[in-house]
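Chemist: Heads up: the protein sequence lines correspond to chains A and B, in order.
If you read the first sequence in full-length UniProt numbering, its first letter stands for residue 1, the second for the next number, and so on.
If you read the second sequence in full-length UniProt numbering, its first letter stands for residue 1, the second for the next number, and so on.
Would you mind keeping the following structure in view while I ask a few things?
Protein chains: 2
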Amino acid sequence: MNDLLLKSVRPWGDESVDLLIRDGRIAAMAPHLTAEGVEVIDGKGHIALPGLVDAHTHLDKSLLGWPWYRNEVGAQLLDKIDNERQVRQALGLDAQVQSMRHALRSLAFGTTLIRSHVDIDTEQGLKALEGVIETRRRLCEVLDIELVAFPQSGVMRRPGTIELLDRALALGADLLGGLDPCAIDRDPKGQLDVLFELAEKHGKGIDLHLHETGELGAFSMALIFERIRAHGMQGQVSISHAFCLGAPDWQRTQALIDECAELGVTILTTAPASREVPAIQRLIAAGVPIGVGNDGVRDTWGPYGNADMLERAKLLGLRNNLRRDDEIELALGLCSYRGARAIGHESRRLKVGERADLFLATGETVAETVVTHAPRALVISHGRVVARNGEALLPTP
Amino acid sequence: MNDLLLKSVRPWGDESVDLLIRDGRIAAMAPHLTAEGVEVIDGKGHIALPGLVDAHTHLDKSLLGWPWYRNEVGAQLLDKIDNERQVRQALGLDAQVQSMRHALRSLAFGTTLIRSHVDIDTEQGLKALEGVIETRRRLCEVLDIELVAFPQSGVMRRPGTIELLDRALALGADLLGGLDPCAIDRDPKGQLDVLFELAEKHGKGIDLHLHETGELGAFSMALIFERIRAHGMQGQVSISHAFCLGAPDWQRTQALIDECAELGVTILTTAPASREVPAIQRLIAAGVPIGVGNDGVRDTWGPYGNADMLERAKLLGLRNNLRRDDEIELALGLCSYRGARAIGHESRRLKVGERADLFLATGETVAETVVTHAPRALVISHGRVVARNGEALLPTP
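Here you go:
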C-alpha cells in the first residue's frame, strides 16, 4: 500500500540515489534500487529535501481565496487585533475553508508538519477551533497539524476567555496559547497563573506569543520561568517571537537565553526583518531548541506571508546574515527536521528508517534551492505523493 | 519608429486604459485609443508599473552563468574583499560578459536604469571598468547604466589607486566612489580629501559606500559633510548603506539626517535585514532623497541577490515594517521613479509626456504585485519591447 520507488534524486544535494518508500518510511536509499510491483517515479536528478516544518502559523486567519484585502490598519497591536475581529465577522469567514486553503498551500510547498495557533475569544467562542479541527481531520493522512488554543484578544481583559480555553483543550487543542501578559492583558501574574494551571489540569504544553521587547519582555519571561519550575513543565513550553532575546544588552540577554536552555524552552521565530530578534546562532550555541514559522498568510495583519517555508529559510538567512553555504543549510535544517524536534515531533531527515516526508526541488546546491526558494516538482508526505509542480493533489475549496 | 499601442493595461493598478508610445515616450493614455500603422500589443488587463531603478549594484561582480559558488568566506569585510580579488583572478572573470548577464537579467525583471559601482584596484586596473563600459555601449538603446569608479580594496592603503581613479573618471565613469574611510583605509582625512579633489577636478559626483556603524559612521559622515560644503558639492553626493543613520540615539541620528537633507545628500539603501539601517519613513519626513538597490547578484559576497527590484521593494517593506497598501506602494515608488529622481535622473512615472519605461505584471493590486514579486509579462524600455515572460529579448552571453 502506497509504496514508491523514487529514482534519481539527490538527498540534501548529494550524489544521485534511488529511494524506496514503504509504509510511509524510507526503507532503502542507494543507487540502482529495484522493487517489484511498486510505483516508480523519476526524480530527474532533483534535490530531495526533508519535509518542511512550519512551527508558528495561524491557519484560521488567512484570507486566501478572497479578493485582495486592502490594509489600512493602524500601527498598534490592539488596532490589528480589533480590526481582525471586525473583518472576520463582516466577511463571515469560515475557519474550516480558510484553514484548508492555507494548509493545502503549505503542503504544496513541501510542508508536512504545522503548529498552528487558533483564535479563541468571547466573540466567536470555539468556532474557529472547530473549523480547523475539521481540516486537521480531513488531512490527517497527509499533513500533521497541531493546534494551540490562542487567546488573541487577551485573557484577563475579556472575561469568559479562560472558560473557553478550558473547553478548547478538552475539544482537541494540543497546546495552550497566551499573549503578552503585560502589554495586552496588563495583568501578567493573573494571566500566567491561570494559563499554567489550565495547562497542568489538561496535561498539555504551552506556546506563548511574546512580542514584548527589552526589559518588559525580560520581566514576562522571568515570570514564565518561575511557573515552569513551579509546575514542573520543563521541556513543555515554547515562546513564540521572544523579541526580548534580541535585546542589545549582552549579559542580560545571555542570562535569559541560558535559562531557556536550562528549562528546555523552545524559541519559535519568524525572523522578521523589522524587529529585534533572537540571533539563531546564539541560541544554538546555548543549546536552546529552535523552530521557525511563517506566521500569518495573507491576513489582515499584513500581506507578505505566503506559506512557503523554503522562502522563510531564506528570510531567516537574510535576518541572521547567513551567507556561507553551511550557514544556509543550517537555516534550512531549522525550517525542517530540527524544527520538528524542537516542537517535540519525530525528526524527518532523509535517512533509512525515518518518515518519508520530503520534497523535490530544482537547484544545483541546497543553498541555491533555498535562496531561489526553488519550484517544488514533487512533494511526498507520510509516504504519499501529495503535490506536483507546486499544486496540491487534493481539491482546494 | 518603434511606436507601440499597448491595449488594456492598468497603470499603477488603476482602471484599464490603452497606452500609446511614440518616440520612446508616452504620447497618450486613455481608454479605446487607436493609432494607424502602429504595432498593437494586448496588455491583457495586467498591471502596468514604471520601470524599476536599481540605484546600487555591482555589475562587474556577478557570477551569473558560472557553476554555483560555494561560499566559505570569513566574517570580516576585508576577508570578503581579499577573497573576491582571488576568485576573480582564479576564474578569469570577464567583466564585460558578467555585466551583460547581470544587466539583461535586470532588464528582464523590468529595471531600466542602473547605477553600478565597478571595482578599480591595483591588481586589475581599469579592466573591469572597460568591460562594463562596453556592456553599457551595447545596451545604450534599452538600458540606462551609470558607473561609479569604486575603490573596493581601499584608496590610501593601496598606492596607485588614486591615479587609477583619475583615469577611470577620464575613461567614462560617471561618478567617483569610495569606501569606509576609517574602517578600511584607516585614514579618513587622507581618503576623503583626495576623493573630493578628484571629483571636483572632473566635475563629477560622488557615491560613497559607508558601512561604518554608530559613532564611527557618524564621524566619517561629518567629514563628508565638511567637504561637501568646502567643494560646493551640495546635491552631488550619495552615501550608500549609511548604516549609522539607523543608530538608536534619536537626537544624534536626527542631526545627521537633517544635515543630509540640507546638503542634498542622497541615501542609497539595500534594506538589509541583518543590519542597522536608516528608516525610510524617517528619511522621507526629513526630506532626504532615497534610492534603493539590489547590491551584488550571486557574487562571492553572498548568494541572495537576484537582480529583481520588485523583490527588493518587498524586502524594503519587510525591513521597514510596511504593511498597509499605501506604504507598500511607497516602497515600490522608491524602487522606481523616486529612486531615479534621487540619483539625478528624469522621473519615469506612467504619465503622458514621460519616458516609456514600464513593465506589465500579474496581480490584483500594486501591493500584491510587490509582495509576490509577480512574474513580468512584458518589459518596455525607452519605448521598445525588451523582455517577455521574464526573458530578455537580447541574446545573453
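Virtual Cβ for every residue (Gly too), placed ideally from N, Cα, C.
Taking Ile81 of chain B as the reference, give the member of B:Asp187, B:Leu49, B:Gly205 and B:Asp119 with the closest Cα.
Modeler: Counted from its first residue, the second sequence places residue 81 of chain B at position 81. Taking only the C-alpha atoms, the option nearest Ile81 of chain B is B:Asp119.
Chemist: Just reading off the alpha helix (DSSP H) that Phe196 of chain B is part of, what are its end residues?
Modeler: Mapped onto the second sequence, residue 196 of chain B falls at position 196. Residues Pro188 to His202.
Chemist: List, in chain order, every chain A residue whose beta-carbon is nearer than 8 Å to that of Asn71 of chain B.
Modeler: On the second sequence, residue 71 of chain B is found 71 positions in, with the first residue counted as 1. By Cβ distance, chain A contributes Arg323, Arg324, Asp325 and Ala367.
Chemist: Cα separation between Ala149 of chain B and Asn83 of chain A?
Modeler: Taking the second sequence and counting its residues from 1, the one referred to as residue 149 of chain B is at position 149. Taking the first sequence and counting its residues from 1, the one referred to as residue 83 of chain A is at position 83. Roughly 51 Å between the two C-alpha positions.
Chemist: In the stretch 280-304 of chain A, which residues sit with their C-beta less than 8 Å from some C-beta in chain B, listed in chain order?
Modeler: Those would be Trp301, Gly302, Pro303 and Tyr304, in chain order.
Chemist: From the DSSP output, which residues share a beta bridge with Arg115 of chain A?
Modeler: Looking up residue 115 of chain A in the first sequence gives position 115. For Arg115 of chain A, which the question treats as bridged, DSSP gives the partners A:Glu146.
Chemist: Tell me the DSSP secondary structure of Thr266 of chain B in three-state form.
Modeler: As a first step, residue 266 of chain B is located in the second sequence; it is residue number 266 there, counting from the start. Thr266 of chain B falls in the strand class under three-state DSSP.
Chemist: Could you tell me which whole alpha helix (DSSP H) segments of length 4 or greater appear in the stretch 32-114 of chain B?
Modeler: As far as the stretch 32-114 of chain B is concerned, its whole alpha helix (DSSP H) runs of at least 4 residues are 77-91 and 95-108.
Chemist: Determine which residues share a DSSP beta bridge with Val379 of chain A and list them.
Modeler: As a first step, residue 379 of chain A must be located in the first sequence, where it is residue number 379. In the DSSP output, where bridge partners are listed per residue, Val379 of chain A has A:Phe359 and A:Ala387.
Chemist: From the DSSP output, read off the bridge partner residues of Gly177 of chain A.
Modeler: Stepping through the first sequence from its first residue, residue 177 of chain A is reached at position 177. According to DSSP, Gly177 of chain A bridges with A:Asp207.
Chemist: Might you give, ordered along the chain, the residues of its own chain that have their beta carbon closer than 6 Å to the beta carbon of Pro181 of chain B, omitting 5 neighbours on each side?
Modeler: As a working mapping, residue 181 of chain B is identified with position 181 in the second sequence. Answer for Pro181 of chain B: Pro188, Gln191, Leu192 and Ser220, listed in chain order.
Chemist: Closest by CA to Gly205 of chain B, which one among B:Thr213, B:Glu212 and B:Leu195?
Modeler: Translated into positions along the second sequence, residue 205 of chain B becomes position 205. Of B:Thr213, B:Glu212 and B:Leu195, the residue nearest in Cα terms is B:Leu195.
Chemist: What does DSSP give as the partner residues of Ser238 of chain A in its beta bridges?
Modeler: Numbered from its first residue, the first sequence carries residue 238 of chain A at position 238. Ser238 of chain A is bridged to A:Asp207 and A:Thr266.
Chemist: Kindly examine the ligand HEM and report whether one of its heavy atoms sits closer than 7 Å to the Cβ of Leu5 of chain A.
Modeler: The model depicted lacks the ligand HEM and carries no ligand whatsoever.
Chemist: With a CB to CB cut of under 6 Å and the five nearest residues on each side skipped, what residues in its chain are close to Ala331 of chain A?
Modeler: Counting from one through the first sequence, the residue named residue 331 of chain A turns up at place 331. Around Ala331 of chain A: Ala313, Leu316, Gly317 and Leu322.
Chemist: Tell me which same chain residues have a C-beta within less than 6 Å of the C-beta of Ala342 of chain A, skipping the five on either side of it?
Modeler: Here residue 342 of chain A refers to the residue found at position 342 of the first sequence. Excluding sequence neighbours, Ala342 of chain A sits near Thr266, Pro289, Ile290 and Gly291.
Chemist: Could you round the C-beta distance between Ser336 of chain A and Leu49 of chain A to whole angstroms and report it? I think they count as a contact, below 8 Å.
Modeler: For the purposes of this step, residue 336 of chain A is taken as the residue at position 336 of the first sequence. For the purposes of this step, residue 49 of chain A is taken as the residue at position 49 of the first sequence. Confirmed, about 7 Å.
Chemist: To the nearest angstrom, how far is it from the Cα of Ser274 of chain B to the Cα of Thr269 of chain A?
Modeler: Walking along the second sequence from the start, residue 274 of chain B turns up at place 274. Walking along the first sequence from the start, residue 269 of chain A turns up at place 269. Distance between the alpha carbons of Ser274 of chain B and Thr269 of chain A is about 15 Å.
Chemist: Below 7 Å on C-beta distance, what does Val371 of chain A contact in chain B?
Modeler: Within the first sequence, the letter at position 371 stands for residue 371 of chain A. Within 7 Å Cβ-Cβ: Pro303 and Tyr304.
Chemist: Interface residues of chain A around Leu164 of chain B at Cβ under 7 Å?
Modeler: Locating residue 164 of chain B in the second sequence gives position 164, counting from the first residue. What Leu164 of chain B touches in chain A: nothing, since even the nearest Cβ is about 29 Å away.
Chemist: Give me the chain B residues within the contact set of Leu318 of chain A, using Cβ-Cβ distance strictly less than 8 Å, ordered along the chain.
Modeler: As a working note, residue 318 of chain A is residue 318 in the first sequence. Within chain B, the residues near Leu318 of chain A are Pro272, Ala273, Ser274, Tyr304 and Leu315.
Chemist: Would you check if the distance between the CB atom of Leu216 of chain B and the CB atom of His241 of chain B is smaller than 8 Å?
Modeler: Sequence index remark: in the second sequence, residue 216 of chain B carries index 216 (1-based). Sequence index remark: in the second sequence, residue 241 of chain B carries index 241 (1-based). No; because the gap between Cβ atoms is not below 8 Å, this pair is not in contact.
Chemist: Mind listing the chain A neighbours of Pro67 of chain B? Cutoff is C-beta to C-beta under 8 Å, in chain order.
Modeler: Position 67 of the second sequence holds residue 67 of chain B. Those are Glu364, listed as they occur along chain A.
Chemist: Contact defined as beta carbons within less than 8 Å: I believe Asn294 of chain A pairs with Thr57 of chain A. What is the distance between those atoms, to the nearest angstrom?
Modeler: Here residue 294 of chain A refers to the residue found at position 294 when the first sequence is read from its first residue. Here residue 57 of chain A refers to the residue found at position 57 when the first sequence is read from its first residue. Their Cβ separation, rounded to whole angstroms, is 5 Å, which keeps Asn294 of chain A and Thr57 of chain A in contact under 8 Å.
Chemist: Please state whether the Cβ-Cβ distance between Pro31 of chain B and Asp18 of chain B is less than 8 Å.
Modeler: Here the question's residue 31 of chain B lines up with position 31 in the second sequence. Here the question's residue 18 of chain B lines up with position 18 in the second sequence. Yes; because the gap between Cβ atoms is below 8 Å, this pair is in contact.
Chemist: If you draw a straight line from the alpha carbon of Thr213 of chain B to that of Pro303 of chain B, how long is it in whole angstroms?
Modeler: For this step, residue 213 of chain B is matched to residue 213 along the second sequence. For this step, residue 303 of chain B is matched to residue 303 along the second sequence. Going from the Cα of Thr213 of chain B to the Cα of Pro303 of chain B covers about 24 Å.
Chemist: For Arg136 of chain A, write down the residues that DSSP places opposite it in a beta bridge.
Modeler: Residue 136 of chain A sits at position 136 when you count from the first residue of the first sequence. The partner list for Arg136 of chain A (beta bridge, DSSP) is empty, contrary to what the question assumes.
Chemist: Measuring alpha carbon to alpha carbon, tell me which residue in B:Leu393, B:Ala95 and B:Ala271 is nearest Gly65 of chain B.
Modeler: Locating residue 65 of chain B in the second sequence gives position 65, where the first residue counts as 1. Measuring from the Cα of Gly65 of chain B, the nearest candidate turns out to be B:Ala95.
Chemist: State yes or no: is the C-beta of Ala35 of chain A within less than 8 Å of the C-beta of Leu6 of chain A?
Modeler: What you label residue 35 of chain A is simply residue 35 of the first sequence in a count that begins at 1. What you label residue 6 of chain A is simply residue 6 of the first sequence in a count that begins at 1. Taking 8 Å as the Cβ cut-off, Ala35 of chain A and Leu6 of chain A do not qualify as a contacting pair.
Chemist: Quick check on the DSSP output: what are the complete alpha helix (DSSP H) runs of length 4 or more inside the stretch 263-303 of chain B, in order along the chain?
Modeler: DSSP runs (the alpha helix (DSSP H)) wholly in the stretch 263-303 of chain B: 280-286.
Chemist: Checking the sheet assignment: what are the DSSP bridge partners for Val9 of chain A?
Modeler: Position 9 of the first sequence, counted from the start, is the residue given in the question as residue 9 of chain A. Bridge partners of Val9 of chain A: A:Val17.
Chemist: Could you tell me the boundaries of the beta strand (DSSP E) in which Arg25 of chain B lies?
Modeler: Here residue 25 of chain B is taken as the residue at index 25 of the second sequence, counted from 1. Here the beta strand (DSSP E) through Arg25 of chain B covers Arg25 to Ala30.
Chemist: Just the Cα atoms here: how many angstroms apart are Val155 of chain A and Cys260 of chain A?
Modeler: Working through the first sequence from its first residue, we reach residue 155 of chain A at position 155. Working through the first sequence from its first residue, we reach residue 260 of chain A at position 260. C-alpha separation (whole angstroms): 24 Å.
Chemist: Drop a sphere of 10 angstroms on the beta-carbon of Arg252 of chain B, count the other beta-carbons inside from all chains shown, and report buried for 16 or more, exposed for fewer.
Modeler: Mapped onto the second sequence, residue 252 of chain B falls at position 252. Looking at its Cβ environment, which holds fewer than 16 other Cβ atoms inside 10 Å, Arg252 of chain B is exposed.
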